[in-house]
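> Quick one: this structure, given as structure tokens, is what I'll be asking you about.
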């Protein structure tokens, strides 16, 4: 279990929620009932597959045309690369963005509870790399990737 | 402690309402060196941003140091209408935090 502290946390949280649920109303307002801990292990992973596995508990995923990345093919400013992910799938639970060649590939991870399967942000890229959008929907992982060219590094001083 | 401003903007996009959040924050990676002192600048980045829609957390974002300085996030709300309450809450790796309340304004 030590490999999946986040899963364990979720499980414990749910168990607690069920116990508390018997005696309390309005529990859904407690932030921890929805949000797990910040996924430290996933952010610290140095390699794409390891980061995906640390975040989702598996790296089994299929490339899906329902997941769309909108990003430049060549970044003008590698410290401000706009990336937009749209997941045209029912029940989108999570969207995560990874830059394969960054020192730590995981950039950001969004969890949804009532919002649409859409996420956009600006990110730093150290070098030309494939950018991965991984979407969890209906308990499965769906993926899309796109290469973004970088001419000057974004992580230097 | 520097003040961290937050800006929020909403607009209608077909069936959904798009929310844009801008948070003024350095998002230091911990890999840069201060050119004057030659010392590494310690990491300082936002780790979590939550968006509440009418009091309910609808999106929770975990972020790392690879998110750009002054992060700009885009999200989309289902079933949102003019005047709905919005709240954004953020916290970073140094224990700083901030929040802002706003409304869905499609005018």
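Protein chains in written order, with my numbering: chain A, 2 to 158; chain B, 180 to 286. Using N, Cα and C, we set each Cβ at its ideal position, and we do this for glycine too.
Mark residue 282(B) as exposed unless 16 or more other C-beta atoms lie within 10 angstroms of its C-beta, in which case mark it buried.
With fewer than 16 Cβ atoms within 10 Å of its Cβ, residue 282(B) is classed as exposed.
> Is there contact here, the segment 66 to 76 of chain A with the segment 138 to 149 of chain A, by at least three beta-carbon pairs under 8 Å?
With a cut-off of 8 Å, the segment 138 to 149 of chain A and the segment 66 to 76 of chain A count as touching, because enough Cβ pairs lie within range.
> Would residue 125(A) and residue 80(A) be called neighbours here (beta carbons separated by less than 7 Å)?
Yes, these two residues count as a Cβ contact at 7 Å.
> So who's on the other strand from residue 231(B), going by DSSP bridges?
Answer is 236(B), 266(B), bridged to residue 231(B).
> Between 63(A), 70(A), 112(A), 52(A), which lies nearest to residue 95(A) when the distance is taken from Cα to Cα?
Comparing Cα-Cα distances from residue 95(A) to each of 63(A), 70(A), 112(A), 52(A), the minimum goes to 112(A).
> Can you confirm whether residue 92(A), when its beta carbon is compared against all beta carbons of chain B, has any partner nearer than 7 Å?
Chain B contact via Cβ: absent.
> Which chain A residues sit within Cβ distance under 9 Å of residue 256(B)?
Under the 9 Å cutoff, chain A gives 115, 116, 117.
> State the start and end residues of the unbroken alpha helix (DSSP H) segment that holds residue 53(A).
Note, residue 53(A): alpha helix (DSSP H), 49 to 57.
> By how many angstroms is the C-alpha of residue 107(A) removed from the C-alpha of residue 82(A)?
Roughly 15 Å between the two C-alpha positions.
> For the putative contact between residue 52(A) and residue 99(A), defined by C-beta atoms under 8 Å, what is the C-beta separation to the nearest angstrom?
6 Å between Cβ atoms; contact.
> Indicate whether at least one CB of chain A lies closer than 7 Å to the CB of residue 247(B).
Yes, residue 247(B) lies at the interface with chain A (some Cβ there is under 7 Å from its Cβ).
> Using a Cβ-Cβ cut-off of 6 Å (strictly less than) and excluding sequence neighbours within five positions of residue 131(A), which residues of its own chain qualify?
Hits under 6 Å: 101, 146, 148.
> Indicate whether residue 114(A) and residue 237(B) have their beta-carbon atoms separated by less than 7 Å.
It is a contact, given that the beta carbons lie within the stated cut-off.
> Let me see if you follow: with CB-CB separation under 7 Å, is residue 253(B) close to chain A or not?
So yes, residue 253(B) belongs to the interface.
> Do residue 198(B) and residue 254(B) have their C-beta atoms closer together than 7 Å?
Cβ atoms of residue 198(B) and residue 254(B): closer than 7 Å.
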